[in-house]
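Residue numbers (this note's numbering): 2 to 88.
Structure (structure tokens):
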């Protein structure tokens with residue numbers, strides 16, 4: 002199971018489907034140089050793995066120098082149905 006709190010960025014918890022870089026290793030461009038961002042497919046893969054592991058309401062949040070998983074995520078700040086009433 003990927004550990005989304007173990008690396009300097011949560012997306013690094015999964016292998017990149019595009020460049021094949023292992024978990025914990027930054028993506029590389031075809032030229033071999035370090036990419037300035039993650040491949041989109043890696044971001045999507047990380048999202049799917051995170052939701053499968055922690056559920057759709059969970060979030061990963063910065064905590065000083067590291068990351069923490071909040072199982073409730075941002076659900077507490079989402080508008081409730083009664084708050085959405087127009088009249």
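Each residue gets a CB set at the ideal place from its N, CA and C atoms; glycine is no exception.
Residue i and residue j closer than 9 Å at C-beta
i: residue 3; j: residue 47; result: yes
i: residue 31; j: residue 20; result: yes
i: residue 24; j: residue 51; result: no
i: residue 61; j: residue 53; result: no
Proximity winner among the options, relative to residue i (alpha-carbon distances)
i: residue 9; options: 39, 33 and 75; result: 39
i: residue 5; options: 59, 75 and 33; result: 59
i: residue 7; options: 42, 66, 56 and 29; result: 66
i: residue 42; options: 74, 33, 55 and 15; result: 15
i: residue 57; options: 63, 69, 64 and 74; result: 74
Paired residues, beta bridge with residue i - DSSP
i: residue 60; result: 71
i: residue 29; result: 35
Cβ of residue i within 9 Å of any chain E Cβ
i: residue 56; result: Absent from the structure is chain E; it holds one protein chain and no more.
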